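Colleague: Can you keep this structure in mind? I'll have questions shortly.
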Amino acid sequence: AGALFENFVISELLKKEQHQGSNAEHYFLRTSDKKEIDLIIDRKISKSFIEIKKTKTFKTSYTDTVKQFMTENDQGFLLYQGSDYPYLDNLKVLNIGEYLLSGEPD
């Protein structure tokens, strides 16, 4: 169920990007040691690394892989179904529905 949910959210994000006229590249990352980033939006000068979780419960470990790959100009996002939004260095934790309705990522 988690993979199907991730695919739905990614599909909605790609539709949103296309509607906004974005010319960014979109891809995912899976390393040889099985670490994954669900969606990377590459705008050449910066990237948005997006991790998607079906859960309503936040765990800091959900952001570990995103943090590992982000550089200074990049943005990181954890999208999940919960309502806790802890502040993490250069990484936003957001509710999926609110994220899809907002203008992010910039």
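Numbered by our numbering, the letters in the sequence shown go through residues 1 to 106 in order. We put the CB at the ideal spot given by N, CA and C, even for glycine. Predicted model only: the values in this text are computed from it and were never measured.
1) Whose CA, out of T57, F49 and D89, lies closest to the CA of A24?
2) Could you name each continuous alpha helix (DSSP H) segment of 4 residues or more that falls completely within the stretch 43-82, going from the start of the chain to the end?
3) Report the three-state DSSP secondary structure of D106 (helix, strand or coil).
4) Answer with buried or exposed for D84, where buried requires no fewer than 16 other C-beta atoms within 10 angstroms of its C-beta.
5) Relative to the alpha-carbon of K67, which residue among K35, G21 and I10 has its alpha-carbon at the smallest distance?
6) By how many angstroms is the C-alpha of L79 removed from the C-alpha of N7?
7) Expressed to the nearest angstrom, what Euclidean distance is found between the alpha-carbon atoms of E98 and K15?
8) Is there a C-beta anywhere in chain C that falls below 8 Å from the one on M70?
9) Below 7 Å CB to CB, which residues in the same chain sit around T57 once its five sequence neighbours on both sides are set aside?
10) On the CB-based measure, 16 or more other CB atoms within 10 Å of its CB, does F37 come out buried or exposed?
Modeller: Taking the geometry as given:
1) Counting from 1 along the sequence shown, the entry for residue 24 is found at position 24. The option with the nearest alpha carbon to A24 is F49.
2) You should have 64-69.
3) Locating residue 106 in the sequence shown gives position 106, counting from the first residue. Confidence in D106 is poor, its pLDDT being 48 and thus under 50, which makes the residue's placement too unreliable to answer from.
4) As a first step, residue 84 must be located in the sequence shown, where it is residue number 84. With fewer than 16 other Cβ atoms within 10 Å, it is exposed.
5) The residue labelled residue 67 in the question sits at position 67 within the sequence shown. Ranking the options by Cα distance to K67, first place goes to K35.
6) Within the sequence shown, residue 7 is the residue found at index 7, counting from 1. Within the sequence shown, residue 79 is the residue found at index 79, counting from 1. Distance between N7 and L79, taken at the CA atoms: about 13 Å.
7) Residue mapping note: residue 98 aligns to position 98 of the sequence shown, counting from 1. Residue mapping note: residue 15 aligns to position 15 of the sequence shown, counting from 1. In this structure, the CA atom of E98 is about 16 Å from the CA atom of K15.
8) You won't find chain C in this structure, because it holds only one protein chain.
9) In the sequence shown, residue 57 corresponds to position 57, counting from 1. Residues G82 of the same chain have their beta carbon placed closer than 7 Å to that of T57, with the five preceding and five following residues left out of the count.
10) To locate residue 37, count along the sequence shown from 1; it is residue 37. Position check: residue 37 holds Ile in this sequence, whereas Phe was assumed. Taking a 10 Å sphere around the C-beta of I37, we find 16 or more other C-beta atoms and assign the residue as buried.
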